[in-house]
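Asker:
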Amino acid sequence: MRTRRFSKNLYRKIFGKKRRREISELSTSRIHQSVLRAIATAPAMPSGGDHLDVGSGTGELLRLVGARCPFRSFGCDYTDKLVSVPGTRIDTVDLNHQPLPYSDNRFALVTCIETIEHLENYRETIREIFRVLQPGGVAVFSTPNILNLRSRLRYLSSGFYNLFGPLAPDESDIHSTRGHINPVSWFYLSHALLSAGFQDLKVTVDKYQRRSLLAFPFLIVPVRATN
Numbered sequence: 064m065r066t067r068r069f070s071k072n073l074y075r076k077i078f079g080k081k082r083r084r085e086i087s088e089l090s091t092s093r094i095h096q097s098v099l100r101a102i103a104t105a106p107a108m109p110s111g112g113d114h115l116d117v118g119s120g121t122g123e124l125l126r127l128v129g130a131r132c133p134f135r136s137f138g139c140d141y142t143d144k145l146v147s148v149p150g151t152r153i154d155t156v157d158l159n160h161q162p163l164p165y166s167d168n169r170f171a172l173v174t175c176i177e178t179i180e181h182l183e184n185y186r187e188t189i190r191e192i193f194r195v196l197q198p199g200g201v202a203v204f205s206t207p208n209i210l211n212l213r214s215r216l217r218y219l220s221s222g223f224y225n226l227f228g229p230l231a232p233d234e235s236d237i238h239s240t241r242g243h244i245n246p247v248s249w250f251y252l253s254h255a256l257l258s259a260g261f262q263d264l265k266v267t268v269d270k271y272q273r274r275s276l277l278a279f280p281f282l283i284v285p286v287r288a289t290n
């Protein structure tokens, strides 16, 4: 019991403040604007299709897409208690254990924003999204960029990427890490998308962290030429 109590207190002292600071740096609005730009610049989608938002959260993206795009929107998440979007259907689904409750080729646009890092098997969810997407449809994904310079330096110093960290040893509730349990790099995400059948992948970011350039000298490794 002493060991468990010590581990929990140590965990909170080391990671508590840092994690809260990282969470405060999140900019959902900036991410949503990046998603809207991706939709606006995407190739023409099938006419008459609908929009599905996987992992709807509060429903803010549903409202934004509904105000700008000629789609009828649907949402799904592990709970419908967080969403309040009048006239929008929200389905409750456990993405870790259930398939998407929609027929094949159902949607012209699917968004999955800041969701896959919460899932135990994100590749299965990606396959499900491909299944419900119409041929010629567009899917937009976002997830924390664990390959940016600051995240790499944090991994070198602590063993954890930005926005990710350990659970307390005696804590089974994953929400103590804001639900982030699965860091997915662009390389693994692109592999999962291509394996599921997606084509014409494009990558963008919601912001460029110029401050990260200040850390670049720390990654320079001296190399001595030898004969």
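Just so we're aligned: the sequence shown equals residues 64 to 290 in the working numbering.
By construction, the Cβ of each residue, glycine as well, lies at the ideal position given by its N, Cα and C atoms.
(1) Since LEU172 sits in a beta bridge, which residues does DSSP pair it with?
(2) Is the Cβ-Cβ distance between LEU125 and SER110 less than 8 Å?
(3) Rounded C-beta distance between VAL98 and SER248? I'm assuming under 8 Å.
(4) In three-state terms, what does DSSP make of LEU22?
(5) Do you know how far the Cα of ALA101 is from the Cα of PRO207?
(6) To the nearest whole angstrom, what separates the beta carbons of LEU158 and THR188, a pair I think is in contact under 8 Å?
(7) How about PHE193 and ALA103: do their beta carbons lie closer than 8 Å?
(8) Which runs of the beta strand (DSSP E) at least 3 residues long sit entirely within the segment 117-167? Give them in chain order.
(9) If I'm right that GLY200 touches PHE170 with Cβ under 8 Å, what's the distance once you round it to whole angstroms?
(10) GLU183: which of SER253, HIS95, ALA105, PRO246 sits nearest, CA to CA?
(11) For the alpha helix (DSSP H) containing THR206, name the first residue and the last one.
(12) With distance defined between alpha-carbon atoms, name the residue in GLY122, ALA107, HIS114 nearest to SER92.
(13) Within a Cβ cutoff of 7 Å, which residues of the same chain sit near SER119, ignoring the five residues on either side of it in sequence?
(14) Given ARG186, which residues of its chain have a CB within under 8 Å of its CB, disregarding the five upstream and five downstream residues?
Answerer: This is what the structure gives:
(1) Per DSSP, the beta-bridge partners of LEU172 are HIS114, VAL201.
(2) Between LEU125 and SER110, the gap from beta carbon to beta carbon reaches 8 Å or more.
(3) A Cβ-Cβ distance of about 20 Å is found for the pair VAL98 and SER248, leaving them out of contact under the 8 Å criterion.
(4) Outside the shown range of the chain (64 to 290) lies residue 22, about which nothing can therefore be said.
(5) If I take the Cα positions, the gap works out to 17 Å.
(6) The Cβ separation is near 5 Å, so the contact holds.
(7) When the beta-carbon positions are compared, PHE193 and ALA103 stay at least 8 Å from each other.
(8) Runs of the beta strand (DSSP E) lying entirely within the segment 117-167, each at least 3 residues long, are 136-140, 152-155 in chain order.
(9) Contact between GLY200 and PHE170 holds, with the beta-carbon distance rounding to 6 Å and staying under 8 Å.
(10) Residue PRO246 holds the alpha-carbon nearest to the alpha-carbon of GLU183 among SER253, HIS95, ALA105, PRO246.
(11) For THR206, no alpha helix (DSSP H) segment is defined, and its DSSP state is neither H nor E.
(12) Considering only GLY122, ALA107, HIS114, the residue with the shortest C-alpha distance to SER92 is GLY122.
(13) Excluding sequence neighbours, SER119 sits near LEU125, GLY138, CYS139, ASP140, VAL146, ILE153.
(14) These residues qualify, in order along the chain: ALA255, SER258, ALA259.
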